[in-house]
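> Below you'll find the structure I mean.
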Amino acid sequence: MAILNKIRQRSLVLILVIAMALFSFVLADLFKGGGGDGKSETIVATINGVDIKRDDFMQKVENMQRQLGPQVSSTQAMNRVWDQELRKAVMDAQYEKIGISVEREQMRELIKQNLSNFEEFKNEAGLFDENKLNEFIANLKAIAPDPAFLGSSPITYDSWTTFENDIAAGGKYNTYFNMVKAGVTSTLAEGQMEYKLENDKVDIKYVQIPYASIPDSLITVTKSDIAEYVNRNLSKYQVEASRDIQYVEFKEEPSPEDGDEVKSKLVELAQNPFFSDMDEVADFVNTNSDIKFNDNFLFKDKLPVTIVDSLFPKAVGESYGPYRQDDLYVISKIVAEKQMPDSVKVRHILIPFAGGTRAAATVTKTPEEAKKTADSILRIIKSRRAKFVDLLDLSSDKVSNEKNGEIEFDYNAGMAPEFKNFSFENKKGDIDVVKTDFGYHVIEIMEQKNRQRAIKIANLALEIEPSEATVDRVFNETSKFEIAVADRDFQEVAKENNYTVKPVSNIKALEENIPGLGPQRAIVRWAFEDDTEVGDIRRFNLASGGYAVVVVSEINKKGVMSNENASITALPELKKEKKAALIRSRISASTLEEIAANQGQTVKTAVGLTMKNPTLSGAGQEPKVVGAAFGIAESTTSKPIDGNNGVYIIQTTKVTPAPELPSYQANASRLALAKANAAGTSLYNALKEAAEIEDNRKAFY
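Under this note's numbering, the first residue of the sequence shown carries the number 187, and numbering increases by one thereafter.
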């Protein structure tokens, strides 16, 4: 009670303290966000002045991820949506500028072109029926968000509107591109030049002094040489912001003791009487095993080669194991056997019902009505088998209809279970109605091949996982390393403990994949945080289990690449330049023969060289050399020419101009077509390069 009285007496002070704390928190958040109007928190990017809103963008990313499935990460889905949004914003700016749009009639024609092959939109004459298209769209809207099937693909109203938007965007782009293409032409003079580049020929004698003839030990390249080379080639060395990291991975892997413990548990579990009870074994396996019960029969050639000789000869009720299979210990028991064919040929008539798998939007029969139709067909066929082919018009399986309804498949094919069971577990000539998710099938077994023994196996398996003791040991090792590298050299501590340090270079802000670790977006985000510096270290939990201790080894800012990184490509070029200068300084003779003798080389010849194909046999592509050959008089010896693979001295022996043509229109037309094709691949990239883009995605992902 005394304490409560003191709190009451100091309530005003407490209120002031709490208020100041909240106020400072708000201020800190404002300063961290730039103190603006919160735009940076709601805008993912701004492209040519158009904002991409966070909520809309994130919704599209979610939709994309659902569409692509679990095998695609959120970052991959985000990047795909970004590419779409960027293209839309860049191109929409162009369409608006020159007034390009897709009108209703053009839109209908574009949709017709895209959907003309779908049976759902054809009339009795096999022609596209716009009324059927309108009915399909109206039905989609009415049943939204449920899907209808188009062919074998489920389509929702939302996905349909996306499809229409894509069609419209494609139509506008084609109009825009055709306008650009119309302006891409070639003159007769350009056609003539192209013809001469392809057909003017030159013969030369030459001496090549290869760069490889000068040992690297005679060449010195300094840091200032690299800096000067980078300054001469700034465009070549422009880079995005990136990070270099190093990491040590601590894996949570089961120890040999963990494996022995799992094996013992499995042997004990296999003693349970339910594992020997043929009526209960499936439920027992599904409840206790890390491999679910497989109700299919297996032929000998479908068993794993590592166990087939040990398991297949055993009788029903006998087992083999425990044995190691990847990360599992397994005991396999034969629970049934039978003689059965390994493949069959059947023919069928499929009567679908509304809501069935792949049922067309035009299907209206209920399951009861579909079964009634199938039963009627069965009665007719049983009375007269020859009627089967005549009744195929009633079947919705148009693919098998083209083969008189016949399907050949083996036991392991991905057929509907009910369809497969009837086909393999009955005998040739049997016919009946079978229900699957697709509808009601009237199935007749026409042929069964290669009857042999097949067995059904119950696999009792337990995953070999790290024990709690192993997990604790890995955590302790990780913690000790993390503490040690806090004030010591990362590489040195790793070496002392025999840990492998893995370097990763040139990580971009919106990447997620770390070689050796897989998708690790958290590591990339941390490396790019404003307050992360070179030498900073952090431990990360890995989704696969275990940890990675990561150090930032380099921060590369956007702009010109550092001289150290540039040296990888600059050094070979600088060596070539210095070797070329050294070679030139050693040349004093004036004839090819003297130069060759002095340099330990031979005089070579090359004939029929063209500007379009400037290749010297045995020396490779040398455009500067061939270009010079066309530029000097016959019998004249050139000055040294720095080529791609050495220094050359040449003598032009013969120039053969191409015969004049009466017209160069064909050459000009071919050149114009090549330009138009090149424009098709480079048009969008050029517009994107010219766009004003403020990309804030890394703040959200």
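Here a beta-carbon is modelled for each residue, glycine too, at the ideal position from N, C-alpha and C.
Can you give me the Cβ contacts of glutamate 719 inside the same chain, cut-off strictly under 8 Å, excluding the 5 residues immediately before and after it?
Residue 719 sits at position 533 when you count from the first residue of the sequence shown. Excluding positions up to five away in sequence, the list reads Val738, Ile741.
> Assuming valine 516 and asparagine 692 form a contact by the criterion Cβ under 8 Å, report the distance between their Cβ atoms to the nearest whole angstrom.
Here residue 516 is taken as the residue at index 330 of the sequence shown, counted from 1. Here residue 692 is taken as the residue at index 506 of the sequence shown, counted from 1. Rounded, the Cβ-Cβ distance is 44 Å, inconsistent with contact.
> Tell me which residue opens and which closes the beta strand (DSSP E) that valine 690 is part of.
If you number the sequence shown from 1, residue 690 lands on position 504. Start and end: 688 to 694.
> Note the first and the last residue of the continuous beta strand (DSSP E) segment covering glycine 507.
Along the sequence shown, one-based indexing puts residue 507 at 321. From DSSP, the beta strand (DSSP E) with glycine 507 extends over 505 to 511.
> By the three-class DSSP mapping on this structure, what secondary structure does leucine 869 have?
In the sequence shown, the residue the question calls residue 869 occupies position 683. Helix at leucine 869.
> What span of residues does the alpha helix (DSSP H) with asparagine 360 cover, start to end?
As a working note, residue 360 is residue 174 in the sequence shown. Note, asparagine 360: alpha helix (DSSP H), 343 to 369.
> Going straight from the alpha carbon of tyrosine 415 to that of glutamate 750, what length do you get?
In the sequence shown, the residue the question calls residue 415 occupies position 229. In the sequence shown, the residue the question calls residue 750 occupies position 564. Taking the straight line joining both Cα atoms gives about 12 Å.
> Compute every distance between the C-beta of leucine 383 and the non-hydrogen atoms of the ligand FAD, then say whether any falls below 7 Å.
In terms of ligand content, the structure shown is empty, and the ligand FAD therefore cannot be addressed.
> Along the chain, where does the alpha helix (DSSP H) that runs through lysine 621 open and close?
What you label residue 621 is simply residue 435 of the sequence shown in a count that begins at 1. Lysine 621 -> not in any alpha helix (DSSP H); beta strand (DSSP E) instead, spanning 617 to 622.
> Return the first residue and the last residue of the alpha helix (DSSP H) that glycine 542 is part of.
As a working mapping, residue 542 is identified with position 356 in the sequence shown. Run containing glycine 542: none; DSSP gives neither H nor E here.
> Spatial neighbours of phenylalanine 314 within its chain, please: C-beta separation below 6 Å, excluding the five flanking residues on both sides.
Counting from one through the sequence shown, the residue named residue 314 turns up at place 128. Excluding sequence neighbours, phenylalanine 314 sits near Lys298, Ser302, Phe307.
> Compare the beta carbon distance of aspartate 658 and aspartate 596 with 8 Å and say whether it is the shorter of the two.
For the purposes of this step, residue 658 is identified with residue 472 of the sequence shown, where counting begins at 1. For the purposes of this step, residue 596 is identified with residue 410 of the sequence shown, where counting begins at 1. Against a cut-off of 8 Å, the Cβ pair of aspartate 596 and aspartate 658 comes out as no contact.
> Answer with buried or exposed for alanine 207, where buried requires no fewer than 16 other C-beta atoms within 10 angstroms of its C-beta.
Counted from its first residue, the sequence shown places residue 207 at position 21. Its pLDDT being 43, under 50, alanine 207 is placed unreliably in this model, and the value from its coordinates should be taken loosely. Exposed: under 16 other Cβ atoms inside 10 Å.
> The alpha helix (DSSP H) with isoleucine 835 in it runs from where to where?
What you label residue 835 is simply residue 649 of the sequence shown in a count that begins at 1. It is not in any alpha helix (DSSP H) - isoleucine 835 instead sits in the beta strand (DSSP E) that spans 832 to 842.
> Kindly give me the distance between the Cβ atoms of isoleucine 390 and threonine 839, rounded to whole angstroms, as I take these residues to be in contact under 8 Å.
As a first step, residue 390 must be located in the sequence shown, where it is residue number 204. As a first step, residue 839 must be located in the sequence shown, where it is residue number 653. So it is a contact: roughly 6 Å between Cβ atoms.
> Enumerated in chain order, which unbroken segments of the alpha helix (DSSP H) with a length of 4 residues or greater are wholly contained in the stretch 304 to 348?
Fully enclosed alpha helix (DSSP H) runs of 4 or longer: 316 to 329.
> For the candidate residues Val471, Glu682, Lys551, whose alpha-carbon lies nearest to that of tyrosine 626?
Here the question's residue 626 lines up with position 440 in the sequence shown. Closest by alpha carbon: Lys551.
> Under 6 Å Cβ to Cβ from glutamate 878, same chain only, skipping five residues before and after it: list those, please.
The count along the sequence shown starts at 1 and reaches residue 878 at position 692. Cβ neighbours of glutamate 878 beyond the five flanking positions: Asn234.
> Under a three-way DSSP split, which group does lysine 437 fall into?
One-based indexing of the sequence shown puts residue 437 at position 251. Of the three classes helix, strand and coil, the one that applies to lysine 437 here is coil, per DSSP.
> Helix, strand or coil: how does DSSP classify lysine 218 here?
The residue labelled residue 218 in the question sits at position 32 within the sequence shown. Because lysine 218 carries a pLDDT of 42, less than 50, the predicted location of this residue cannot be relied on, and the following value inherits that uncertainty. Helix.
> For glutamate 361, I'd like the list of residues in its chain whose CB is within less than 7 Å of its CB, leaving aside the five on either flank, ordered along the chain.
Here residue 361 refers to the residue found at position 175 of the sequence shown. The question names glutamate, but residue 361 is threonine in the sequence shown. Counting only Cβ-Cβ distances below 7 Å, and skipping sequence neighbours, we find Ile286.
> For serine 581, collect the residues of the same chain with a Cβ closer than 7 Å to its Cβ; drop the 5 residues on either side in sequence, then sort them by chain order.
In the sequence shown, counting from the first residue as 1, residue 581 sits at position 395. Result list for serine 581: Ile535, Leu536, Asn587, Gly591, in chain order.
> Relative to the alpha-carbon of leucine 873, which residue among Asp344, Met250, Tyr359, Glu321 has its alpha-carbon at the smallest distance?
As a first step, residue 873 is located in the sequence shown; it is residue number 687 there, counting from the start. Comparing Cα positions, the closest option is Tyr359.
> Looking at the strands, I want to know which residues DSSP matches up with methionine 264.
As a first step, residue 264 must be located in the sequence shown, where it is residue number 78. Answer by DSSP bridge pairing: none, since methionine 264 is not bridged.
> Just to confirm my understanding: we take isoleucine 650, look at its own chain, exclude 5 residues before and 5 after, and list those with CB closer than 7 Å. What are they?
Taking the first residue of the sequence shown as position 1, residue 650 is located at position 464. Closer than 7 Å at the Cβ level, and outside the excluded window around isoleucine 650, lie Pro440, Asp444, Gly445, Val448, Asp513, Leu514, Tyr515.
> Let me know the secondary structure DSSP gives tyrosine 392 once reduced to three states.
Stepping through the sequence shown from its first residue, residue 392 is reached at position 206. Here tyrosine 392 sits in strand by DSSP.
> Roughly how many angstroms lie between the CA atoms of glycine 794 and lysine 688, to the nearest whole one?
Stepping through the sequence shown from its first residue, residue 794 is reached at position 608. Stepping through the sequence shown from its first residue, residue 688 is reached at position 502. The straight-line gap from Cα to Cα measures roughly 52 Å.
> Using DSSP with H/G/I as helix, E/B as strand and the rest coil, what is glutamine 251?
In the sequence shown, the residue the question calls residue 251 occupies position 65. Three-state result, glutamine 251: helix.
> Which term fits arginine 429, buried or exposed, when burial requires 16 or more other beta carbons within 10 angstroms of its beta carbon?
Taking the first residue of the sequence shown as position 1, residue 429 is located at position 243. Buried: at least 16 other Cβ atoms inside 10 Å.
> How is the beta strand (DSSP E) around valine 793 delimited, first residue to last?
Taking the sequence shown and counting its residues from 1, one reaches residue 793 at position 607. Element bounds for valine 793: 790 to 795.
> Can you tell me the Cα-Cα spacing of isoleucine 818 and aspartate 411, whole angstroms?
Along the sequence shown, read from residue 1 onward, the residue named residue 818 stands at position 632. Along the sequence shown, read from residue 1 onward, the residue named residue 411 stands at position 225. Using only the alpha carbons, I get a separation of about 33 Å.
> Could you name the residues of the same chain whose beta carbon sits closer than 7 Å to that of arginine 770, not counting the 5 residues immediately before and after it, in chain order?
Taking the sequence shown and counting its residues from 1, one reaches residue 770 at position 584. Here the set comprises Pro826, Val833.
> Looking at the strands, I want to know which residues DSSP matches up with valine 660.
Here residue 660 refers to the residue found at position 474 of the sequence shown. Beta-bridge pairing links valine 660 to no other residue.
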